[in-house]
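Below: the structure, in structure tokens.
Number of protein chains: 2
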Amino acid sequence: MRCAITEFQQEQKKRMRSVQDAMDALNGKWKIAIISSICCYGKRRFSDILNDVEGVSNRMLSKELKELELNQLVTRTVLATQPITVEYELTEHGNTLQTIISELSGWGIVHRKKITGK
Amino acid sequence: MRCAITEFQQEQKKRMRSVQDAMDALNGKWKIAIISSICCYGKRRFSDILNDVEGVSNRMLSKELKELELNQLVTRTVLATQPITVEYELTEHGNTLQTIISELSGWGIVHRKKITGK
DNA sequence: CTGAATCCAGATGGATACTG
DNA sequence: CAGTATCCATCTGGATTCAG
């Protein structure tokens with residue numbers, strides 16, 4: 002009977018799928034930088050993020066913010082100013098990413114040393 | 002004097018860069034699945050990984066394994082069998098990713114529930 | 001100010017066939 | 001078995017312009 006092996010592989014598949022789910026929500030060149038920018042300041046306007054995230058274009062920023070909103074990681078609030086301004090904020094769910102981002106940051110530092118600076 | 006703000010922003014930039022360093026090493030459609038496959042079994046052959054990672058082509062597998070090797074996350078060992086076989090294994094450094102992968106997996110499960118199943 | 005629309009170059013990745 | 005080479009469709013993302 003090969004149940005043990007089968008179950009083991011099933012677990013492995015589930016694990017891989019859930020990691021992929023996470024990565025799908027975070028993929029895109031700027032997502033993590035955008036999240037960092039917002040969470041760092043609490044609330045953040047479109048043009049602010051545009052300045053924070055070095056190199057991003059308004060086209061990409063708009064697109065990735067929309068995806069983050071779809072994934073319920075940020076909220077978008079239009080303010081009735083003249084001209085209008087828009088505030089982005091992390092949702093509670095978005096905030097749960099902070100642990101992961103911290104760990105990625107930590108690993109990234111070690112990794113960079115490993116590859117370059119030795 | 003604006004030192005506090007400046008330092009804060011400096012910290013933020015560093016953090017974003019190191020996260021990006023980490024993501025650079027892990028980007029690519031299959032990297033995490035490949036790492037999962039290898040670490041799950043200890044050692045793994047090319048054709049094994051090809052089977053484990055659903056949907057990957059030999060072209061992509063070859064390419065991403067090469068990148069993982071460059072980033073010193075896996076080692077490649079040619080065995081003198083007939084025909085030759087190749088074993089891939091996680092380096093010590095590659096193994097340090099397990100925590101992050103676990104967390105991503107955990108977050109991915111919560112996230113999927115949030116977005117779909119409620 | 002906050003985007004959306006268009007255009008376009010370059011990267012990504014699948015299918016297939018081939019080599020040692 | 002473990003890749004490499006080639007062809008080709010699609011995706012990505014920058015620059016620029018336009019709109020509410």
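Going down the list, the protein sequences come from chains P and X. So the first sequence is numbered by the working numbering: it starts at 2 and just counts up by one. So the second sequence is numbered by the working numbering: it starts at 2 and just counts up by one. In this text, a Cβ means the ideal position worked out from N, Cα and C, and glycines have one as well.
Worksheet item: Between the Cα of X/Lys-32 and the Cα atoms of X/Leu-74, X/Glu-88 and X/Thr-86, which residue gives the shortest distance?
Response: With distances taken between Cα atoms, X/Lys-32 lies closest to X/Leu-74.
Worksheet item: What three-state label does DSSP hand X/Glu-55 in the structure shown?
Response: Look at X/Glu-55 here: in three-state DSSP terms it is coil, with no helix or strand label.
Discussion item. Is there a C-beta anywhere in chain P that falls below 8 Å from the one on X/Leu-91?
Written reply: Taking Cβ atoms only, chain P never reaches closer than 8 Å to X/Leu-91, which makes this a no.
Practice prompt. Classify X/Leu-105 as helix, strand or coil using the three-state DSSP reduction.
Written response: If DSSP states are grouped into helix, strand and coil, X/Leu-105 belongs with the helices.
Worksheet entry | P/Lys-114 (DSSP reduced to helix, strand or coil) | P/Lys-114 falls in the helix class under three-state DSSP.
Practice prompt. Ignoring anything shorter than 4 residues or poking outside the stretch 17 to 57 of chain P, list the alpha helix (DSSP H) runs there in chain order.
Written response: Listed in chain order, they are 32 to 42 and 47 to 53.
Worksheet entry | Residue of P/Met-24, P/Val-54, P/His-112 and P/Asn-96 minimising C-alpha distance to X/Gln-11 | Considering only alpha carbons, the answer is P/Val-54.
Worksheet item: Which of the residues in the stretch 38 to 70 of chain X, read from start to end, lie with their CB under 7 Å from any CB of chain P?
Response: Listed by position, the residues of the stretch 38 to 70 of chain X near chain P (Cβ gap below 7 Å) are Cys-41.
Practice prompt. Please name the residues in the stretch 71 to 88 of chain X whose beta-carbon is closer than 7 Å to at least one beta-carbon of chain P, in chain order.
Written response: For the stretch 71 to 88 of chain X, which is checked against every Cβ of chain P, the residues closer than 7 Å are Asn-72 and Gln-73.
Practice prompt. Using a Cβ-Cβ cut-off of 8 Å, state whether P/Gly-109 counts as contacting chain X.
Written response: Between P/Gly-109 and chain X, the shortest Cβ-Cβ separation is below 8 Å.
Discussion item. I need the DSSP call for P/Leu-62, collapsed to helix, strand or coil.
Written reply: Helix at P/Leu-62.
Item to complete: Taking only beta-carbon positions, decide if X/Gln-13 is within less than 8 Å of chain P.
Response: X/Gln-13 belongs to the set of residues whose beta carbon lies under 8 Å from a beta carbon in chain P.
Worksheet entry | Supposed close pair P/Asp-22, X/Arg-113 - CB separation, criterion 8 Å | Taking 8 Å as the upper bound for CB-CB distance, P/Asp-22 and X/Arg-113 are in contact here, some 5 Å apart.
Discussion item. Three Cβ pairs or more, each shorter than 8 Å: is that satisfied between the stretch 75 to 87 of chain P and the stretch 101 to 113 of chain P?
Written reply: Inter-segment contact for the stretch 75 to 87 of chain P and the stretch 101 to 113 of chain P is absent: fewer than three beta-carbon pairs are separated by less than 8 Å.
Practice prompt. Report yes if the C-beta distance between X/Asn-59 and X/Leu-71 is below 8 Å; otherwise report no.
Written response: No; because the gap between Cβ atoms is not below 8 Å, this pair is not in contact.
Item to complete: Please state whether DSSP places P/Thr-78 in a helix, a strand or coil.
Response: When DSSP states are grouped into helix, strand and coil, P/Thr-78 belongs to the strand group.
Worksheet item: Hey, would you say P/Ser-38 sits closer than 8 Å to X/Arg-16, going by beta carbons?
Response: The beta carbons of P/Ser-38 and X/Arg-16 sit no closer together than 8 Å.
Fill in: Closest residue to X/Gly-129 among X/Glu-68, X/Lys-64 and X/Arg-18 (Cα-Cα distance)
Residue 129 of chain X falls outside the range modelled here, since chain X spans only 2 to 119, and no answer is possible.
Practice prompt. Report, in whole angstroms, the separation of the C-beta atoms of X/Glu-104 and P/Thr-117, which I expect to be a contact under 8 Å.
Written response: Wrong, their Cβ atoms sit about 25 Å apart, outside the cutoff.
Worksheet entry | Endpoints, alpha helix (DSSP H) assigned at X/Asn-72 | That residue, X/Asn-72, is in no alpha helix (DSSP H); it is neither H nor E in DSSP.
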